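Chemist:
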Amino acid sequence: MFTTLRMLPLTLLADTFSHAFGAEFPSNLDNVRRYTESYVLALWHNRLYIYTAAAVVVGIWFALNLVLKKKKVVTPVSPWRYQTTETEEKKKYPVKEKVEHVSGLKIFYGSQTGTAKGFAKELAEDIKNLGLISEVIDLKDYDPDDRLSDECTSKAVCVFLLATYTDGKPTETAEWFCKWLEEASTDFRYGKTYLKGLRYTVFGLGDSVYTDHYNTVAKCVDKWLWMLSASRVLTRGEGDNNVAKSRHGSVQADFQAWKGRLLTRLQALARGEKKKCSGQCKNGTCKSKKKKKQQQQQSGAGDVAGDAGKCSSEQKQHSSEEELVESSSDAESSGEEEPGHGSVIDMEDLGNVMNRIKKVKKKEDGEDGQKVKLSKMSNGKTPEEEERREMITPALRDALTKQGYKLIGSHSGVKLCRWTKSMLRGRGGCYKHTFYGIESHRCMEATPSLACANKCVFCWRHTPNPGWKMDPAEKILLEAVENHQSMIKQFRGVPGVRPERFEEGLAVKHCALSLVGEPIMYPEINAFLRLLHQQRISSFLVTNAQFPDEIRNLVPVTQLYVSVDASTKDSLKRIDRPLFKDFWQRFLDSLRALGEKQQRTVYRLTLVKAWNVDELKAYSDLIALGQPDFIEVKGVTYCGESSASNLTMANVPWHEEVIYFVQQLANLLPDYDIACEHEHSNCLLLAHHKFKVDGEWWTWIDYERFQELIQAHEESGGAASTFSAADYMAKTPSWALFGASERGFDPLDTRFQRKNKAKDISGC
31 MFTTLRMLPL TLLADTFSHA FGAEFPSNLD NVRRYTESYV LALWHNRLYI
81 YTAAAVVVGI WFALNLVLKK KKVVTPVSPW RYQTTETEEK KKYPVKEKVE
131 HVSGLKIFYG SQTGTAKGFA KELAEDIKNL GLISEVIDLK DYDPDDRLSD
181 ECTSKAVCVF LLATYTDGKP TETAEWFCKW LEEASTDFRY GKTYLKGLRY
231 TVFGLGDSVY TDHYNTVAKC VDKWLWMLSA SRVLTRGEGD NNVAKSRHGS
281 VQADFQAWKG RLLTRLQALA RGEKKKCSGQ CKNGTCKSKK KKKQQQQQSG
331 AGDVAGDAGK CSSEQKQHSS EEELVESSSD AESSGEEEPG HGSVIDMEDL
381 GNVMNRIKKV KKKEDGEDGQ KVKLSKMSNG KTPEEEERRE MITPALRDAL
431 TKQGYKLIGS HSGVKLCRWT KSMLRGRGGC YKHTFYGIES HRCMEATPSL
481 ACANKCVFCW RHTPNPGWKM DPAEKILLEA VENHQSMIKQ FRGVPGVRPE
531 RFEEGLAVKH CALSLVGEPI MYPEINAFLR LLHQQRISSF LVTNAQFPDE
581 IRNLVPVTQL YVSVDASTKD SLKRIDRPLF KDFWQRFLDS LRALGEKQQR
631 TVYRLTLVKA WNVDELKAYS DLIALGQPDF IEVKGVTYCG ESSASNLTMA
681 NVPWHEEVIY FVQQLANLLP DYDIACEHEH SNCLLLAHHK FKVDGEWWTW
731 IDYERFQELI QAHEESGGAA STFSAADYMA KTPSWALFGA SERGFDPLDT
781 RFQRKNKAKD ISGC
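Quick note on numbering: the sequence shown equals residues 31 to 794 in the numbering used here.
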């Protein structure tokens, strides 16, 4: 029965063929059916033997594979077999490629008469003969902001051939490069390791007849590159046009001698040699006696420390600081990171510098100490005492000038914001452009007071406190605009700068009084604001909320800020470190005074993770106290290690964390909602509902309308002070709104993505 059932399909198939072709092939079909049935039955009855045979075959095949594989591993491959299978073996077991230590040379030159250019071409030919690739680059066509950091990851060695021009300044072709490099070396946003990995050497062209400016440009570029953690591959060379003083008889001979050392060094680097000296180097200074002797013969005893102070005709640095940053000008550096390399620009080291400055200051004060005591006893003021009471001391002037500040008189300053530079080049504006429509390339960042009543933990610009003589408002504004325009003019011809924005940038339209210090401490702040408005310059004034009476007496400004860095007394003390004992009462009174203003007002919150991000309820209470029009919430910007602050990168919130905080805060504020976002600055804007008209945000400012209103106010002697923030508001564009795909970036500009994203230069 079972067998019959199994044969049923075959029977059905045979029947089908029988019906279809039975008429033509009856006998053949019967034979096929009988044969098929008998064959299948035979297979079925002998199925056990078939299964056994298959198992044996599979087992034998598996055993043979194991034996052959083992034999292949143990037995060496014969030469002929290796030749036939070489390609396959390389695919399976890739051979380690030869490491390329030097890919070639990039030769940068800054020339006025063509000598440096000629040297660059000559060097390129010699490099070609060594079998290396070389590229000659005119610095006038080179954009360091875009391209210099790329050299950190390339295998090329950078050679800088730089001539020193009139008064120790760089040539016109190298002016922008030197300006950018100087600012980057002192700007915390780039960081002390910005050029780590870049290998370089410098040769200068100068004339020792001009002793005060001999090869100043080459010395400064050498120092600035080293401060940014670039590694020297060869001692700086110096060519001298003064035949009588030239070490080899002429500038051409000086270059030939230096070039010979460079070619030898490059050959060593190409072979993978890392250190030419004993390797016992610290902070770029070689301890080898032989090396020291060679340096003394080539450079002279005073070359190392004496040159650093000549990096600018307007700057003179103390010898103690020079020793720290320039001690290795003539020391050979390896391609590797040296122990402690770059530490000279740690905040701790800067602290050592300031300590030395203080010692010098104490010594100077000691010499005149008796005069000071006599003056105090007689209640009189000598001219010398008045001079000593200037806020900007010589040491402080040098420090601030080095950071890029243009100082005015005894207590004021102006500096070019990085967002001004960015918008000049069409790379987007700051968050104030996104939130309020400021044209960043026409904005002047200044302060009439470098003094401050706080020492905030996140501030890198600590300055002296009250007790200084006062300059007139007219002088401050005039020199501020002149200095700002002078800094803008330096961008003429810089790669990427848009000509129309360059022309616009020369005409100041906005003034951000938030550079440093406490502008409201300037006694003539109202006069200064009136002068701004008379020149149709909008005013954005920031105060640290420690002077409530001054806030109440303040004339109308375009937008008035208070920094609300914490929401409780204890956290404010920890973060802002105020100098007044009654700081908390002053803080609360300042917020109340802000609430009395009719023009635009802003709370500026700086989030410091693990310090003030958990104080939502307390923040909402402070907002209810001052009722600001807007609330800016920004993540703290890390300013580097400092003995004055224990903040680290762990205290910097991510942008998503700032968004979450703002959303939680908005839930506690029924009259506010999130209006705008500027992702690049890690900043968001909460706006009062009165700036939402027919469901659309109007956070921007009609600047022309404001100037009309303030002019009417002044002409009426202050009687027409009824205009409010709603009278000069403008519609916010869609790209600036929170949730837009642009994330606060103006689509009219082109976003520049820095390749080395680890370098944080966000700033604010």
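Here a beta-carbon is modelled for each residue, glycine too, at the ideal position from N, C-alpha and C.
Small disclaimer: the values here were computed from a predicted structure and weren't measured.
Contact check, Y435 vs K445 under 8 angstroms by CB: the rounded distance?
Modeler: About 5 angstroms separates the two Cβ atoms, so the contact holds.
Chemist: In the DSSP output, what is D168 paired with across the bridge?
Modeler: In the DSSP output, where bridge partners are listed per residue, D168 has Y139.
Chemist: Could you please give me the residues that DSSP links to T231 through a beta bridge?
Modeler: V189.
Chemist: Should R457 and D173 be called a contact, given that it needs their Cβ atoms to be closer than 8 angstroms?
Modeler: No; because the gap between Cβ atoms is not below 8 angstroms, this pair is not in contact.
Chemist: CB L714 to CB V682, shorter than 8 angstroms?
Modeler: Not a contact, by the Cβ cut-off of 8 angstroms.
Chemist: Go ahead and pull the three-state DSSP assignment for V632.
Modeler: V632: strand per DSSP, three-state reduction.
Chemist: Spatial neighbours of F775 within its chain, please: C-beta separation below 6 angstroms, excluding the five flanking residues on both sides.
Modeler: The residues are G458, R781.
Chemist: Among the residues of its own chain, which have a CB less than 6 angstroms from the CB of F233, if the five just before and after it don't count?
Modeler: So the list reads L191, G267, W288, once near-sequence residues are dropped.
Chemist: Using only CA atoms, which one of E213, D180, A248, Y224 lies nearest to T201?
Modeler: It is A248 whose Cα lies nearest to the Cα of T201.
Chemist: Which of the three DSSP states, helix, strand or coil, is assigned to H708?
Modeler: H708: strand per DSSP, three-state reduction.
Chemist: Could you check how far apart the C-beta atoms of L637 and Q694 are, in whole angstroms? I think they sit under 8 angstroms.
Modeler: Wrong, their Cβ atoms sit about 12 angstroms apart, outside the cutoff.
Chemist: DSSP three-state label for K151, please.
Modeler: Note: K151 maps to helix in three-state DSSP.
Chemist: In angstroms with no decimal places, state the Cα-to-Cα distance between Q345 and K761.
Modeler: Note that Q345 scores 41 on pLDDT, short of 50, meaning its location in the model is unreliable and no value can be drawn from it.
Chemist: Helix, strand or coil: how does DSSP classify S276 here?
Modeler: Three-state DSSP puts S276 in coil, outside helix and strand.
Chemist: In the DSSP assignment, find the unbroken alpha helix (DSSP H) run with L655 in it and report its ends.
Modeler: Per DSSP, L655 belongs to the alpha helix (DSSP H) from 646-656.
Chemist: Within 10 angstroms of the Cβ of W684, are there 16 or more other Cβ atoms? Answer buried if so, exposed if not.
Modeler: The residue in question, W684, is exposed, as its Cβ has fewer than 16 Cβ neighbours within 10 Å.
Chemist: According to the Cβ coordinates, are K828 and L258 closer than 8 angstroms?
Modeler: Residue 828 falls outside the range modelled here, since the chain spans only 31 to 794, and no answer is possible.
Chemist: Please work out which residues of its chain come closer than 8 angstroms, Cβ to Cβ, to S544, disregarding the five sequence neighbours upstream and downstream, and give them in chain order.
Modeler: If we look at S544 and ignore the five residues flanking it on each side, its Cβ neighbours are E475, T477, F570, L571, V572, Y591.
Chemist: Output the boundary residues of the alpha helix (DSSP H) element that contains S620.
Modeler: 613-625 is the span of the alpha helix (DSSP H), which, as asked, contains S620.
Chemist: So T145 and L235 are in contact, right, with Cβ under 8 angstroms, and what is the actual spacing, rounded?
Modeler: With 8 angstroms as the limit, T145 and L235 qualify as a contact, their Cβ atoms being about 6 angstroms apart.
Chemist: Once the 5 residues before and after I661 are set aside, which same chain residues still bring their CB inside 6 angstroms of it?
Modeler: Contacts found: Y633, L716.
Chemist: Would you decide whether W855 is buried or exposed? Buried here means 16 or more other CB atoms lie within 10 Å of its CB.
Modeler: Any answer about residue 855 is impossible in this case: the structure gives the chain only from 31 up to 794.
Chemist: At what residues does the alpha helix (DSSP H) containing H685 begin and finish?
Modeler: Residues 685-697.
Chemist: Below 8 angstroms on the Cβ atoms is my contact criterion, and I expect K185 with E165 to pass it. Report the Cβ-Cβ distance as a whole number of Å.
Modeler: Contact doesn't hold; Cβ gap of about 13 angstroms is too wide.
Chemist: Would you check if the distance between the CB atom of L211 and the CB atom of V263 is smaller than 8 angstroms?
Modeler: No.
Chemist: Excluding the 5 residues preceding and the 5 following H243 in the sequence, name in chain order all residues of the same chain whose CB lies nearer than 7 angstroms to its CB.
Modeler: Excluding positions up to five away in sequence, the list reads T194, D197, G198, K340.
Chemist: Anyone know if the C-beta pair for H471 and R531 falls short of 8 angstroms?
Modeler: Yes, these two residues count as a Cβ contact at 8 angstroms.
Chemist: May I ask you to report which of helix, strand or coil DSSP gives H75?
Modeler: Helix.
Chemist: With 16 as the cutoff for other CB atoms within 10 Å, does H17 come out buried or exposed?
Modeler: Absent from the structure is residue 17, since the part of the chain shown begins at 31 and ends at 794.
Chemist: Applying the 10 Å Cβ sphere with the 16-neighbour rule, what's the burial state of S672?
Modeler: Low per-residue confidence applies at S672: pLDDT is 46, beneath 50, and the placement is therefore not dependable, though the value from the model is reported in the following sentence. It is buried - the Cβ of S672 has at least 16 other Cβ atoms within 10 Å.
Chemist: In chain order, what residues of the same chain have a beta carbon less than 7 angstroms from the beta carbon of V587, not counting five sequence neighbours either side?
Modeler: The residues are L559, S569, L571, Q629.
Chemist: What is the DSSP secondary structure of K226, counted as helix, strand or coil?
Modeler: K226 falls in the coil class under three-state DSSP.
Chemist: Pop quiz: L655 and L609 are said to be a contact at Cβ under 8 angstroms. What is the actual Cβ separation, rounded to whole angstroms?
Modeler: Not confirmed; about 23 angstroms, so no contact.
Chemist: If you follow the alpha helix (DSSP H) that Q737 is part of, which residue opens it and which one closes it?
Modeler: Unbroken alpha helix (DSSP H) run through Q737: 733-745.
Chemist: Are Y702 and A696 closer than 8 angstroms when you measure CB to CB?
Modeler: Their beta carbons are under 8 angstroms apart, which means Y702 touches A696 by this criterion.
Chemist: Can you grab the Cα-Cα spacing for the pair P700 / L652, in whole Å?
Modeler: The straight-line gap from Cα to Cα measures roughly 14 angstroms.
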